[in-house]
Amino acid sequence: MAKRGKWKSTLGFVLAAAGSAVGLGNIWRFPYVTGKNGGAVFLFFYILSVLFLGLVVMYAELSLGRATQKNPVGAFEKIKPSSPWKAVGFLGIFTGVGILSYYSVIAGWTLYYFYISSLGKFSGNLTQAQIDEIFSAFVSNPFLTISLLLVFIFLTSFIVSKGVSSGIERWTGILMPLLFLILLILSIYSLTLPGASEGLKFYLKPDFSKVNLKMILSAVGQAFFSLSLGMGAMITYGSYLSREDNLFSSGIEVVAFDTLVAFLAGIIIFPTVFTYGLSPQAGVPLVFKTLPFTFSRLPLGRLFGPLFFFLLAIAALTSTISLVEVATSYLVDERRIPRPRAAFLVGAVAFLLGIPSALSTSPGLFSRFAFGKSFLDLMDYLWANLSLPLGALLLSIFVGYVWGAEKAAVEIRFRKDRKFPGEDLWIYDIKYFVPLVLAVILLFAAFGSS
Ligand code: TRP
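Using the numbering used here, the first residue of the sequence shown is number 124, and each one after it goes up by one.
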């Protein structure tokens, strides 16, 4: 039997896991949900969610992975043999492929925007109508959206096919520092813009009169999605760690990195948006319609436009890698399928499932598929809003009660004879607070309005 993959270094793991976490969720979604939910108040609840829910579940997943040295299905099976719990592992695998299918469609858009902005298509004071027209013409071209989906998934499967250390670790080790560099350059530039102070005020000065339950729940949901929790990605990545790696500090590093990137994405976007008096509430099209408007006017827009979309593409790629890896690790561990074949098989399934999502932005069957939503929106709702919280809820119950929070806590410790900082709080949190909040989220997602 071939030896199971392993990270070469703890830093390699941290970059790979941060790569999974940092994605379209941080740079595309975080700013627009923050914008829609009143700016700074949302940021405040987001940070609380990251600390008291995200980090807690992150440790639960990583410890389960490292303790068992298995893919999600194998991990549940090893702790509780021949029980229905391994269904949670399967749920994670399906969720991963489901998310991969539509996430890669949007990732494909970033490639196109990188391409056309490099060609200078946004230079020369375009009107908002012209920019909207570029967007609609592109997304309603099925040949383009499907081809780009294929390119993106192929790239991802290719990297995953090369293995844990010589594929994932190697590539994320190159891409993440590059991403961070671009992020810093763009943030500094953004702070020099005339709209900076107005943008920062919106982003950083909370107006607590805007607090409501729905906003708080969407902050929690955003935290889980952004940290790649609830479908076994962190179980899988944790399973390639060894005893000598420090789980406690790596967990904090991954979470801190992810939060910092989301924060900086806001620093880039809000000053830019306010510089031309635009609305931060554009929603989904914020980075594809609002930002190009500013790039077409800003002095260095011709340079920073392509750089921004390149950043977005890198962030997406290091995330799709983890989505492919979960199902791949199952096929390799449990089904004895050679890694390259497994990685491309997972990619092929996600591609086929992604085609209707790629067609969702063209007029036709998939643009209004059911319940008044497009196929892509429906997939997002099903996998990100329902399946992820369900997976995280079951995982927290499993770790808290079936495996036992006390046992899991020992796995997180760096020295087995000494509690990690906050251990008692963590045990309480994973057993009571996390399941409670996730149950409320799930009830709202299933029966609430919106
Ligand atoms: N976290 C990524 C983002 O913010 C997306 C992602 C990758 C993800 N793997 C995941 C989300 C697993 C949930 C579960 O864009």
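Backbone N, C-alpha and C fix where the C-beta goes; we use that ideal spot for every residue, glycine too.
A507: which of A183, I222, K203 sits nearest, CA to CA?
I222
Opening and closing residue of the alpha helix (DSSP H) in which S172 lies
163-172
Mind checking whether G355 and L178 have CB atoms under 8 Å apart?
no
From L501, R189, R541, residue whose alpha carbon lies closest to that of A569:
L501
Identity of the residues DSSP links to K496 by a beta bridge
A493
Just to confirm the assignment, what range does the alpha helix (DSSP H) spanning P108 have?
With the chain covering only 124 through 573, there is no way to say anything about residue 108.
Alpha helix (DSSP H) segments (min. 4 residues) lying fully within the stretch 436-489
462-481
Using a Cβ-Cβ cutoff of less than 8 Å, which residues in the same chain neighbour Q345 once the five nearest sequence positions on both sides are dropped?
G148, R152, F153, V156, Y169, S172
Can you give the Cα-Cα distance for A140 and P463, rounded to whole angstroms?
21 Å
Is any heavy atom in ligand 1 found nearer than 7 Å to the beta carbon of A356?
yes
L352 Cβ short of 7 Å to ligand 1 heavy atom set:
yes
Apart from the five residues just before and just after Y360, which ones in its own chain have a Cβ nearer than 8 Å to its Cβ?
F136, A139, A140, S143, L185, G188, S445, E448
Simplified DSSP assignment, three categories, for T279:
helix
Apart from the five residues on each side of it in sequence, which residues of its chain come closer than 7 Å, Cβ to Cβ, to A183?
L518, S519, V522, A531, I553
Measuring CA to CA, which of S442, F199, A260, W130 is closest to S224?
S442
For K530, three-class secondary structure by DSSP:
helix
Give me the Cα-Cα distance between V283 and W208, rounded to the nearest whole angstrom.
27 Å
Extent of the continuous alpha helix (DSSP H) to which P558 belongs:
557-570
If you check the beta carbons only, do A528 and L352 fall under 8 Å apart?
no
Best match in K131, L561, K496 for proximity to F347 [C-alpha to C-alpha]:
L561
What is the DSSP secondary structure of P195, reduced to helix, strand or coil?
helix
Which whole-angstrom value is the C-beta distance of P204 and Y453, which I expect to be below 8 Å?
With a Cβ gap of about 17 Å, P204 and Y453 do not count as contacting.
Let's see if you can read the secondary structure: which residues bound the alpha helix (DSSP H) around Q345?
336-349
Counting only the same chain and skipping the five closest in sequence on each side, list residues whose C-beta sits under 7 Å from that of F474.
L272, L273, I276
Are there any heavy atoms of ligand 1 lying less than 7 Å away from the beta-carbon of I276, as far as the coordinates show?
no
For ligand 1, is there a heavy atom less than 7 Å away from the beta-carbon of G197?
no
Measure the CB-CB distance between V287 and K129 and report whether it falls below 8 Å.
yes
Can you look up L434 in the DSSP assignment and give me helix, strand or coil?
helix
Classify G161 as buried or exposed, calling it buried when 16 or more other Cβ atoms lie within 10 Å of its own Cβ.
buried
Close-in-space but distant-in-sequence residues of the same chain around V334 (CB under 7 Å, 5 per side omitted)
V164
Euclidean distance between Cα positions of A471 and V455
16 Å
Please determine whether the Cβ atom of G148 lies at a distance below 7 Å from any heavy atom of ligand 1.
yes
Check for me: the alpha helix (DSSP H) holding Q253 runs from which residue to which?
251-262
How far does the alpha helix (DSSP H) with I550 in it reach, from first residue to last?
546-551
CA-CA distance, L435 and I150?
7 Å
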